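Residue numbers (the UniProt record's numbering), protein chains in the order written: chain A, 1 to 226; chain B, 1 to 226.
A short worksheet on the structure shown next.
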DNA sequence: CCGACGCTTCGGCGGGCGCCGAACTCTCGC
DNA sequence: GCGAGAGTTCGGCGCCCGCCGAAGCGTCGG
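Below you can see the structure in the form of structure tokens.
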């Protein structure tokens, strides 16, 4: 009786798969497309790799709308890989610019049209703590009133054919944040108020000084903790 | 900055290499030919694998005559592999017969023409403890006299063109045992006395009841501890 | 010196598989 | 219903590499 290292090692033995696992070692949830970009391969290729990794028990996947978020299958896998990493070489950081961009994304970013990242999660927590809505994104009267005071047209959101308010899994935080028409309206409102500014590239957001004050006052978010 | 799992995983990603590492996980030293047999490939093939594993830092090699003994490169490698093994499946034991044979080999076997295995090491320890010879296989007067009493023709061994007495690394014990002409003569004497019998297949030895007594009396070997 | 043996190197073969592009499915937002 | 976008499946291409046999090298025993 022995150990079949080959079965699992095969799953890590290619640069693309190694990059995938490495990216997930932080415990984050990452979508297939994001992993394809990280690994530097086409979506079709990463899809096959991800299927193999899930089949091999290293990764688990959760469906979220048209995204599929992949993460390490469990604590035992993470621990084994961490120990294994001690005898593996390090890959150099690709570029400082990329590194800075990644950190910016982690803190605040948009997911389609609503706020995600640490900020999105913190805002969701703040709204739940103030009983504006519950964990399932059911909006309470107090929440509707306060959002109205803030300038969000909740009624218009309800009339939209789009789903009104729904939870959305955030991959950097393994936590939920608010999506749907309401999430989009709040985000639009924040941009109109100058609380956040869109970064130059893609989905990153920058929080302004007014945003820091307003987020603390209305959403009980301490941006220093993000 | 990330971890390049692929570089090391590649080294384990084939059944032959996996079998090699698995066999060495016990901490033993194994010769290339033995590893080829275990892995089920030709010597030329295993040689390439072993070179890659050494080059990759997983294995280290020590030259011993015309043998080359391979072992895990260090404690860190062993620890990492042990952790990694927790997420790897187990290979079924190939056959009961093979398993029994392996255990027999571990305890007592011949290495060319002298006794190796746990028995060889224990006999070596017993002779050193009684000051028959030192760690470098330098034979003392008391050793020469006692061996003569046992029936070993030490003088003939000296006259042989073959190396008189030399230490030989045992792969199951990571310890030295006695080789050379003297080791061969002692082994021959033990067989003549009926202390040990050659197994049916190859190098395995079976210790008889008289052997148990004689080994205890002359070499201070407790065969129950083997 | 010679043959036997263990191990390595080299050349060549063959299968596996990592990659891609194209087509398809499903969700989302309008 | 429709277009856009994310993800998967499928077919095919190319290359890597695991395997072997033959030859070469070093060691051992006689």
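All C-beta atoms, glycine included, are put in the ideal place defined by N, C-alpha and C.
Source: prediction; values computed, not measured.
In the assembly as shown, residue 18 of chain B is a buried residue. Its beta-carbon has 16 or more other beta-carbons within 10 Å. At least one CB of chain B lies nearer than 7 angstroms to the CB of residue 7 of chain A. Taken in chain order, the unbroken stretches of alpha helix (DSSP H) that lie wholly in the stretch 137-223 of chain B and span 4 residues or more are 141-150, 154-159, 180-193, 209-219.
When B:191, B:156, B:81 are compared, the shortest CA-CA separation from residue 6 of chain A is found for B:81. Counting only Cβ-Cβ distances below 8 angstroms, residue 125 of chain B has no contacts in chain A at all, with the closest Cβ about 30 angstroms away.
Close CB contacts of residue 60 of chain B within its chain, under the 8 angstroms cut and outside five residues either way in sequence, are with 54, 70, 71, 72, 73, 74 (chain order).
Exposure of residue 153 of chain A is indicated by the presence of fewer than 16 other C-beta atoms within 10 angstroms of its C-beta. Residue 44 of chain B carries a helical assignment under DSSP once its states are collapsed to helix, strand and coil. Distance from the Cα of residue 176 of chain A is smallest, within the candidate group A:186, A:32, A:120, for A:120. Residue pairing by DSSP places residue 30 of chain A opposite A:70 in a beta bridge. For residue 55 of chain B, no chain A residue has a C-beta closer than 8 angstroms to its own C-beta; the minimum C-beta separation is roughly 13 angstroms. For residue 18 of chain B, the enclosing alpha helix (DSSP H) begins and ends at 15-24.
Linking residue 33 of chain B to residue 127 of chain B through their CA atoms gives a straight-line distance of about 30 angstroms. In this structure, residue 181 of chain A places its C-beta atom within 7 angstroms of the C-beta atom of residue 160 of chain A.
In terms of beta-carbon proximity, residue 18 of chain B lines the interface with chain A, with at least one pair separated by less than 7 angstroms. Listed by position along chain B, the residues whose Cβ is nearer than 7 angstroms to that of residue 14 of chain A are 6. No Cβ of chain A is located within less than 7 angstroms of the beta carbon of residue 28 of chain B. Judged by pairs of C-beta atoms under 8 angstroms, the stretch 34-48 of chain B does not touch the stretch 33-49 of chain A, as fewer than three such pairs exist. The C-beta distance from residue 9 of chain B to residue 50 of chain A rounds to 17 angstroms, too long to fall under 8 angstroms, and the pair is not in contact. Put simply, the backbone Cα of residue 191 of chain B is about 6 angstroms away from that of residue 197 of chain B.
Taking C-beta atoms under 8 angstroms as the contact rule, residue 215 of chain B and residue 195 of chain B qualify, at a distance of about 7 angstroms. For the 7 angstroms CB-CB criterion, residue 31 of chain B and residue 16 of chain B do not form a contact. The continuous stretches of beta strand (DSSP E) do not include residue 12 of chain A, which lies in the alpha helix (DSSP H) extending over residues 5-12. Within its own chain, the residues whose Cβ lies closer than 8 angstroms to the Cβ of residue 135 of chain B, once the five positions on either side in sequence are excluded, are 128, 167, 176, listed in chain order.
Residue 3 of chain A is a Cβ neighbour of residue 88 of chain B, given a cutoff of 7 angstroms. Around the beta-carbon of residue 62 of chain B, fewer than 16 other beta-carbon atoms lie within 10 Å, marking it exposed.
Chain A places no beta carbon closer than 7 angstroms to that of residue 40 of chain B, leaving this residue out of the contacts. Scanning chain A for C-beta atoms nearer than 9 angstroms to the C-beta of residue 90 of chain B yields 1, 2, 3, 4, reported in chain order.
Cβ neighbours of residue 124 of chain A within its own chain (closer than 7 angstroms, five residues either side excluded): 176, 177, 178. For residue 21 of chain B, the residues of chain A that pass the 9 angstroms Cβ criterion are 3, 5, in the order they occur in the chain. In summary, the residues of the stretch 57-80 of chain B whose CB is separated from some CB of chain A by less than 8 angstroms are 57, 58, 76, 77, 79, 80, in the order they occur in the chain. For residue 119 of chain A, DSSP assigns no beta-bridge partner whatsoever. In the structure shown, the three-state DSSP call for residue 2 of chain A is strand.
When rounded, the separation of the alpha-carbon atoms in residue 68 of chain B and residue 35 of chain B is 11 angstroms. The three-state reading of DSSP puts residue 35 of chain A in helix, counting H, G and I together.
Going by DSSP, residue 59 of chain B is part of the beta strand (DSSP E) stretching over 59-64.
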